[in-house]
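Trainee: Here you go, one structure.
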Amino acid sequence: MSRRSILIIGGGIAGLSTGCYAQMNGYDTTILEMHDRPGGMCTSWQRKGYTFDYCIHNLAGTRPGSGLSQMWDELGAFKGTDVIDHEVFQRVESCDGKEFNLYCDLDRLERHMKEISPDDSKVIDEFVNAARSFSKIDFFGMGTGGFKLGMISKMGKLMKYSKMTIEEFSSKFKDPFLRRAFRTVQYNMSEIPMTVILVFMSGFDNGDLGWPKGGSFEFSRRIESRFIELGGEIRYRHKVKRIIVDNNRAVGVEMEDGSEQFADIVISAADGYSTIFGMLDGRYLNDRINSYYEAIPKNEPFGIEVNLGVNRDVSSEPHAITLLLETPLKIEDREEDSIYLELFDNDSGLCPKGKGIIKADLVGSYEYWKALRTDLERYRAEKDEIARRVIDILEERFPGLRDQVEVVDVTTPVTCERYTGNLHGYQPWPSKVHTRKVMKEGLSRTLPGLEGFFMVGQWAGATVGVSTVALMGRDTIEKLCKMDKKRFVSQIV
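Under my numbering, the residues of the sequence shown are numbered 614 to 1106, in order.
Here is the structure:
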């Protein structure tokens, strides 16, 4: 019997993972990637000896024996590298010298918060105890083993905190500094549900949210190597223009150069909007998909990144710092009262010994930058101006830094759009309608009325996270094996 063939559009983590599991299960798999390298958004790039990382902040599944660790072992994601576990998730600093360290050890975190504000012991207990209760469940690995009975007793808390934002919870603190600092604890995003920070803190406490040395591109490259070792083929600079459909079944793709390639199954791991409304011309839709893409947000967290390569040793600093600003930072048409930073030293594998990288992650508006880019001179000048403002702020925190900056690199939503093809250079946003259905089934893992076709990745699930999309690839091939009446198998490197 001949092996069934699969074409995968997109060589990001979702596409690479899908390809690996397809190869493990006897399919002939080809990945078509428009860029000249793997990873999609999970990438890094080099500038004058510094490697600026675009993606991984904290990776679920780094603890041996956790639910997701087996998947990463199957994909060869950590082969030949080390995982760094940080002592502090992030530190929040006020301009008058106060510090709030979000320790990864919950016992230490509890003591520290009560030292800052003994009067807030009740709220601190609520926060830490909720995280402790979640640490008994491997939330990140649930997708690898189905629903766990232990979750039943946690559903009440899960529902309670899913309806409460970090901003709302922070208002419970009496201490003014802790109240303001707590708003920023999850990458400076205060409007997301409390469940996110609780699950993260439980993961940190379990040692299951590390950072792979070498950064995001090397991480992607290792999974690409695994795919090739398994016999898969990846073709770079191959941009898909159209998905070929015959009698409501996907049968192949047309490339930008007009050539055609055919397969038994087509899987898109590319941008959702481009896939559904471009490659398929909007022919296979439902209200869930339409309403989602009609609600594109104005701004994107992490939309702007200011990367600085500095002749300064930052090894004594926390991996992440949020600075609470006395004078707001003007960005686009907004003013920000805090700034989130990530710092990398030589141990990260991203910079030379004795030097460092400081990355500022800022909210960005696609429309603002798209309009600016019609005039490249103005676009570049605005990027330079934002970098200057960030450096001015950092000079106060790191005296002498201004003269130590050796490389400046600024990305915007337009940069991401050009590099990855993502709609507006954004990542998926939470669904405002059909929320439960999207959480349960994803947004567009299959399309109504179209056979022989799947979608994987963040747009298919309307969700974010490197581990999430990798797991989706595994799950898709498992479902395909079931449809083809064959046993799903996986192999550890």
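Glycine included, every Cβ here is placed at the ideal spot set by N, Cα and C.
1. Using 10 angstroms around the beta-carbon of S615, count the other beta-carbons present and answer buried if the total reaches 16, otherwise exposed.
2. Which residues mark the beginning and the end of the alpha helix (DSSP H) in which V1082 is found?
3. If you drop the 5 nearest sequence neighbours on each side, which residues of the same chain put their C-beta closer than 6 Å to that of T642?
4. Taking the C-alpha atoms as reference points, what is the distance between K983 and K826?
5. Could you tell me which residues DSSP pairs with K972 in its beta bridges?
6. What do you reckon, are the CB atoms on F915 and S657 nearer than 9 Å?
7. As a quick exercise: from E1064, G653, M1052, pick the residue whose alpha carbon is nearest that of E837.
8. Report all residues from its chain with a CB closer than 8 Å to the CB of G693; omit the five preceding and five following residues, and keep chain order.
9. Tell me where the alpha helix (DSSP H) around M1048 begins and ends.
10. Nearest-angstrom Cα distance between P806 and S775?
11. Is the beta carbon of A627 sitting closer than 9 Å to the one on G1062?
12. DSSP three-state label for S803, please.
13. Can you tell me whether F760 is buried or exposed, with buried defined as 16 or more other CB within 10 angstroms of its CB?
14. Going along the chain, which unbroken runs of the alpha helix (DSSP H) with 4 or more residues stay wholly within the region 634-715?
15. Are the region 968-977 and the region 909-924 in contact at 8 Å, needing three or more beta carbon pairs?
16. Which residues in the same chain as P910 place their Cβ atom closer than 6 Å to its Cβ, once the five residues preceding and following it in sequence are excluded?
17. What three-state label does DSSP hand P941 in the structure shown?
18. Within the chosen definition, does the region 879-892 reach the region 1072-1085 through at least 3 CB pairs nearer than 8 Å?
19. What does DSSP give as the partner residue(s) for F1066 in the beta ladder?
20. So does the region 941-956 actually touch the region 805-825, counting three or more Cβ pairs closer than 8 Å?
21. Would you kindly report the start and end of the unbroken beta strand (DSSP E) that includes A794?
22. Does chain B have any CB closer than 9 Å to the CB of D870?
23. Give me the residue from D666, N959, N912, S928 with the minimum Cα distance to G828.
24. Should the region 998-1005 be regarded as contacting the region 1014-1033, the criterion being three or more beta carbon pairs within less than 8 Å?
25. Quick check on L629: does DSSP put it in helix, strand or coil?
26. Using only CA atoms, which one of M868, F875, V853, D870 lies nearest to R862?
27. Mind checking W685: buried by the 16 CB within 10 Å criterion, or exposed?
28. Return the Cβ separation of N638 and V1102 in integer angstroms, given the expectation that the two are a contact with Cβ distance under 8 Å.
29. Which residues in the same chain have their Cβ closer than 6 Å to the Cβ of K1045, if we skip the five residues on either side of it in sequence?
30. Around the Cβ of R839, are there at least 16 other Cβ atoms within 10 angstroms (buried) or fewer (exposed)?
31. Hey, quick one: how far does the beta strand (DSSP E) through E930 stretch, first residue to last?
32. Just the Cα atoms here: how many angstroms apart are D788 and S707?
33. My understanding is that R896 touches F1011, with C-beta atoms under 8 Å, so please give their C-beta distance in whole angstroms.
34. Hey, G662 and P965 are a contact pair by Cβ (cut 8 Å); roughly how many whole angstroms apart?
35. Pull up the CB-CB distance for D751 and S679, whole angstroms please, since I reckon it's below 8 Å.
36. DSSP on S961, reduced to helix/strand/coil?
Mentor: Well, looking at it:
1. exposed
2. 1079-1096
3. I619, G632, A635, Q636, G845
4. 34 Å
5. N920, E955
6. no
7. G653
8. R835
9. Here the sequence assigns Thr to residue 1048, which means Met is not the residue at that position. Where T1048 is concerned, the enclosing alpha helix (DSSP H) stretches over 1048-1054.
10. 5 Å
11. no
12. coil
13. For F760, the predicted model reports a pLDDT of 43, less than 50, meaning its position is unreliable and no value from the coordinates is stated.
14. 682-688
15. yes
16. W1042
17. strand
18. yes
19. V879
20. no
21. No beta strand (DSSP E) contains A794, which is instead part of the alpha helix (DSSP H) from 789-795.
22. Looking for chain B here will not work: only one protein chain is present.
23. D666
24. yes
25. helix
26. F875
27. buried
28. 6 Å
29. A908
30. buried
31. Unbroken run through E930: none, as it is neither H nor E.
32. 13 Å
33. That belief does not hold up - the Cβ atoms of R896 and F1011 are roughly 54 Å apart, past 8 Å.
34. 6 Å
35. 6 Å
36. helix
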